[in-house]
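Novice: My structure is below; once you've seen it, I'll send some questions.
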Amino acid sequence: MTSVPSIRFLCLAPLILALCVSSPLGAQERTDFETPYQPITNAENAKGKITGELPEGWLDDSSWADVDIEYMPIQGSVAEGNSALQINVKEIRKGIAQLSWRQLDLTAANETHFRIYGRSPTYTPMKLKIQQTVSPYHVYWERTVPLSGEWTRVDCIVPGGLDTKKAMLLVTVEESGIVELDDFELEYKPFKALELTEEQRRNLLPISSFPDGVPSPWIAQDLRDVHTDPEVEGPTGTPALYAKIAKGRASLSSGLFTAVLAQGKKRHTLSVWVKTDDPGILMALRFGPPDRKLWVKPFSKVFTLEEGKWKRYSHTITLPASAMGYYVV
């Protein structure tokens, strides 16, 4: 009879070395989309047709695309004040519609907080991006926002770690439809490292000892018979998580996954207690942005597990900035 290997986990924990805390407001910028609006002047050489008016601080960034867009102020049922901005994307033949706020000053010591109200009578989604203003136009952060016919307040926090004055905020629309914006506010908030206790340094995830199996936000993928084992106590005194691994499965297809908040350009350590009854199993610890190849270095570190005793395995990495605003363990 072929034996089935098993592994017991305890305290799978990304160690966050610098966390964001509330602090006094930094530099603040705001557009309430009231008057005055000015005619668009930077679209004379556009491949498509871009017309209308925009408030100060906002520029159309769609002249490279073959699109038909009209910008105009609207009055009446707005989120704040007396007027809002309507983006009417009549047709997209090639590319996307982009509205830019180019006055970003990103520093490694600050988080960027911004909010904006949005709605769409055509239920057209918008995407918010922070991107380089120059080639190769690297995307530092992005978020897709579904919109309805009612005003929705969208609050965003872009993690610290970026250090550039060549960045812009983009509101993009990738399909024809109407998107309306109101009451934009942006501010920079400094962050500082928290004073952590020894217990916090060991484990900042309160659910990572798995006392209830695999609770949200953890996901178990292709692990058989995963459950808390009350008969096996881990090194920290709580029951371990038991999991069977199917023989012959590719190593990339079995494991535990979760999303965490972390800070780009800072060193973080991911560690886990493991015990197995089948020596020689390869285990990888992976930690990085969700849009990167986490199965390769430096995001992945592979270990050959030892039999019969608990051992702490750890992986330390300086994380790059995440365009999605979060990281995957």
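Counting in the working numbering, the sequence shown runs from 856 upward without gaps.
Glycine included, every Cβ here is placed at the ideal spot set by N, Cα and C.
The structure displayed is predicted, hence computed values, not measured ones.
Residue range of the beta strand (DSSP E) that F841 falls in?
Specialist: Because the chain spans 856 through 1184 in this model, residue 841 falls outside it and cannot be assessed.
Novice: Using the C-alpha atoms, what's the distance from S955 back to L1185?
Specialist: Any property of residue 1185 remains undetermined from this structure, which presents the chain solely from 856 to 1184.
Novice: According to the neighbour-count rule (16 or more other Cβ atoms, all chains shown, within 10 Å of its Cβ), is E1162 buried or exposed?
Specialist: Exposed, because fewer than 16 other Cβ atoms sit within 10 Å of the Cβ of E1162.
Novice: Given W919, which residues of its chain have a CB within under 6 Å of its CB, disregarding the five upstream and five downstream residues?
Specialist: If we look at W919 and ignore the five residues flanking it on each side, it has no Cβ neighbours.
Novice: Leaving out five residues on either side along the sequence, give the residues of the same chain with a beta carbon under 7 Å from the beta carbon of Q930.
Specialist: Closer than 7 Å at Cβ, skipping near neighbours: N937, S938.
Novice: If you draw a straight line from the alpha carbon of G1110 to that of I905, how long is it in whole angstroms?
Specialist: Whole-angstrom Cα-Cα distance: 49 Å.
Novice: My output table needs one value for H993: the three-state DSSP class, helix, strand or coil.
Specialist: In the structure shown, H993 sits in coil (DSSP, three-state: anything other than H, G, I, E or B).
Novice: If the criterion is Cβ atoms closer than 7 Å, does the pair S975 and V1034 meet it?
Specialist: Contact flag set, yes.
Novice: May I ask which residues mark the beginning and end of the beta strand (DSSP E) holding T886?
Specialist: That run of the beta strand (DSSP E) goes 883-886.
Novice: Since Q986 is in the beta strand (DSSP E), which residue starts that stretch and which ends it?
Specialist: Its beta strand (DSSP E) spans residues 981-987.
Novice: Tell me the rounded alpha-carbon separation between F1154 and R1147.
Specialist: Each residue's alpha carbon lies about 9 Å from the other.
Novice: Thinking C-beta only, is G973 closer than 7 Å to L1036?
Specialist: Cβ atoms of L1036 and G973: closer than 7 Å.
Novice: Return the residue from the list A1178, H1170, L1137 that minimises the CA-CA distance to P1144.
Specialist: Ranking A1178, H1170, L1137 by Cα distance to P1144 puts A1178 first.
Novice: Tell me M837's beta-bridge partners as DSSP assigns them.
Specialist: The requested residue 837 does not occur in the structure, where the chain is confined to residues 856 to 1184.
Novice: Give the C-beta separation of K984 and E997 to the nearest angstrom, bearing in mind that I take them to be a contact with Cβ-Cβ under 8 Å.
Specialist: So it is a contact: roughly 4 Å between Cβ atoms.
Novice: Does the beta-carbon distance from R1168 to V1115 come in below 7 Å?
Specialist: A small correction: the amino acid at residue 1168 is Tyr; Arg does not occupy that position in the sequence shown. No, the pair does not count as a contact, with Cβ atoms beyond the cut-off.
Novice: For the beta strand (DSSP E) that E1029 lies in, which residues bound it at each end?
Specialist: Neither: E1029 is in no beta strand (DSSP E) and is coded neither H nor E.
Novice: Please classify W1128 as buried or exposed, where buried requires at least 16 other C-beta atoms within 10 Å of its C-beta.
Specialist: Buried, by the Cβ-count rule.
Novice: Please return the same chain residues whose Cβ sits closer than 8 Å to the Cβ of H993, not counting the five positions on each side in sequence.
Specialist: Closer than 8 Å at the Cβ level, and outside the excluded window around H993, lie Q986, Q987.
Novice: Do you know how far the Cα of A952 is from the Cα of K945?
Specialist: For K945 and A952, the distance between alpha carbons rounds to 10 Å.
Novice: I'd like the span of the beta strand (DSSP E) that includes V1013, first residue to last.
Specialist: Where V1013 is concerned, the enclosing beta strand (DSSP E) stretches over 1007-1013.
Novice: My parser needs the alpha helix (DSSP H) runs of 4 or more residues fully inside the region 889-939; what are they?
Specialist: For the region 889-939, not a single whole alpha helix (DSSP H) run of length 4 or above is found.
Novice: Give me the residue from V989, W1165, H1123 with the minimum Cα distance to G1092.
Specialist: For G1092, the nearest C-alpha among the options comes from W1165.
Novice: Flag this pair as yes or no: are the beta carbons of P910 and Y892 separated by less than 7 Å?
Specialist: Against a cut-off of 7 Å, the Cβ pair of Y892 and P910 comes out as a contact.
Novice: Going by Cα to Cα distance, which pick from W1073, L1024, T886, I1012 is closest to P1045?
Specialist: If we check each option's Cα against that of P1045, I1012 comes out closest.
Novice: On the three-state DSSP scale, how would you describe I951?
Specialist: Looking at I951 - three-state DSSP - the assignment turns out to be coil, as it is neither helix nor strand.
Novice: Just reading off the beta strand (DSSP E) that K1130 is part of, what are its end residues?
Specialist: Segment 1122-1131, the beta strand (DSSP E) holding K1130.
Novice: Going by CA-CA distance only, name the one from S1126, P928, K1156, T999 that's closest to E908.
Specialist: Checking every option, the nearest Cα to that of E908 belongs to P928.
Novice: Going by the DSSP bridge assignment, what does V1184 pair with across the sheet?
Specialist: Answer by DSSP bridge pairing: none, since V1184 is not bridged.
Novice: What distance in whole Å lies between the Cβ atoms of G1119 and P1175, which are believed to be in contact at a cut-off of 8 Å?
Specialist: Yes, P1175 and G1119 are in contact; Cβ-Cβ is about 6 Å, under 8 Å.
Novice: Of the residues V1151, S1126, E1030, H968, which one's Cα is nearest the Cα of G1180?
Specialist: For G1180, the nearest C-alpha among the options comes from H968.
Novice: Just reading off the beta strand (DSSP E) that F1112 is part of, what are its end residues?
Specialist: 1110-1112 is the extent of the beta strand (DSSP E) around F1112.
Novice: Is it true that the CB of T1124 sits closer than 7 Å to the CB of T1173?
Specialist: The answer is no: Cβ separation not under 7 Å.
Novice: Please list, in chain order, all residues of the same chain as R885 whose beta carbon is under 6 Å from its beta carbon, the five residues on each side excluded.
Specialist: Taken in chain order, the residues that qualify are E1040.
Novice: On the criterion of 16 or more Cβ atoms from any shown chain inside 10 Å, does S990 qualify as buried, or is it exposed?
Specialist: S990 comes out exposed.
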